[in-house]
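Residue numbers (UniProt numbering): 1 to 439.
Using N, Cα and C, we set each Cβ at its ideal position, and we do this for glycine too.
Just below is one structure, and these are the notes that go with it.
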Ligand SMILES: [Fe+2]
């Protein structure tokens, strides 16, 4: 099909070149053509054409060496890298590049004593790293989206994988969904969560009941209003996805609606409007704590972290917010404490005056599913009038949740095509879910 394949070397000017012959690859369901492969010795350059735009991708030699996919560099059964790091020299020079089928073979300079590296073109293009390549890291949560439990699993317990993927995808991208028609029975919320992954155990156990208690171990177990917050911010690994299943919500109760708002949208707007206050909340750690000895399982957890966490590109990668669980600031000067409270009050105002607060009164059988590391939740106070409001909840670990979503995306979109999981670019991978991932 192609007239020429290339042994490419910088010493020959004509080498590149597959120009106009074209190497079409189906990448990420888009047509990509490789126009030129160029050995620059201290880098590899690929000229590609994607959606009618030509682009040069430049690869660092160490990146190429450490991403080698040959069996000399990867254990076949696990895919784990087996390159002895200490044996890779500082100075790596590309001697020769050959194209064989859809792979590039790279021969290194003899002094480096490195075996030939092999990288599929698809791998190179889909894993190319640039500081410009992530345009939209999440989609603003503006509406409630409803899913039907009976469509996720049929009456015989058979899973509808496509529908489950749709639910997971929505939760990754937007952070909030309501599942309707879950039978109002004890433990059903755990069964729903386990469609995705095993539930996360916490100091509230695997399952917790949210209903009025005379001696509550948490303010949520009363009829008091709850301000916007995230749960269990005093954990390093605060829960990821939270499920709240409404088992009972009697008509005589006044109030008790659930409220949700998107902390990522609020923080981004806050950063644009108040850059200095924003920086303060990035730099100064707050204290989150749960100190409660007088309970069946005594707890003493204190954890300091800033309210807003940025990655190396100054993109938001986590928000931490739980006013009812904040303790005394510590290891800070008085000037820092003053600056902190000024920024803290302003950010709290921004949360509570958000133009996108979604209010919903859960009905029996409804489950609010939301990303606890992104979507702030709150509750209006309520008057019981002898009625019962009973929710049952559980959590999933955020990393396991994202992993399941990615596995499902791969299975639904690529595995039937026989694609290698390391070669494809998954849509959900570059979506921020609040787990402090620097991507
Ligand atoms: Fe909560």
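Counting along the chain, where does the alpha helix (DSSP H) carrying residue i start and finish?
i	result
residue 63	61 to 66
residue 263	263 to 273
residue 400	398 to 413
residue 334	334 to 352
residue 162	161 to 174
residue 193	188 to 193
Consider the C-beta atom of residue i and the heavy atoms of ligand 1; say whether any pair is separated by less than 7 angstroms.
i	result
residue 444	This structure cannot settle anything about residue 444, because the visible part of the chain is limited to 1 through 439.
residue 377	yes
residue 245	no
residue 339	no
residue 229	yes
residue 220	yes
What are the boundary residues of the beta strand (DSSP E) that includes residue i?
i	result
residue 301	299 to 306
residue 200	It is not in any beta strand (DSSP E) - residue 200 carries neither H nor E in the DSSP assignment.
residue 184	Counting along the chain, residue 184 falls outside any beta strand (DSSP E), and DSSP gives it neither H nor E.
residue 317	316 to 319
residue 378	375 to 379
Residues in the same chain with beta-carbon distance under 6 angstroms from residue i, minus the five sequence neighbours each way, listed in chain order, please.
i	result
residue 128	57
residue 221	213
residue 389	249, 253, 256
Please work out which residues of its chain come closer than 8 angstroms, Cβ to Cβ, to residue i, disregarding the five sequence neighbours upstream and downstream, and give them in chain order.
i	result
residue 119	64, 67, 68, 69, 103, 104, 106
residue 161	408, 411, 412
residue 52	none
Identify, in the order they occur along the chain, each residue of the same chain with its Cβ nearer than 7 angstroms to the Cβ of residue i, setting aside the five sequence neighbours on each side.
i	result
residue 199	190, 193, 206, 394, 395, 396
residue 429	406
residue 368	178, 244, 258, 362
Please tell me whether residue i and residue j are closer than 8 angstroms, where the distance is taken between their beta carbons.
i	j	result
residue 414	residue 424	yes
residue 354	residue 261	yes
residue 195	residue 144	no
residue 391	residue 241	no
residue 356	residue 433	no
residue 300	residue 291	yes
residue 352	residue 228	yes
Taking only three categories from DSSP, how would you classify residue i?
i	result
residue 120	strand
residue 155	coil
residue 281	helix
residue 234	coil
residue 438	coil
residue 428	helix
residue 88	coil
residue 506	Not covered by the structure: residue 506. The range shown for the chain is 1 to 439.
residue 34	strand
residue 111	helix
residue 363	coil
residue 395	strand
residue 357	coil
residue 220	helix
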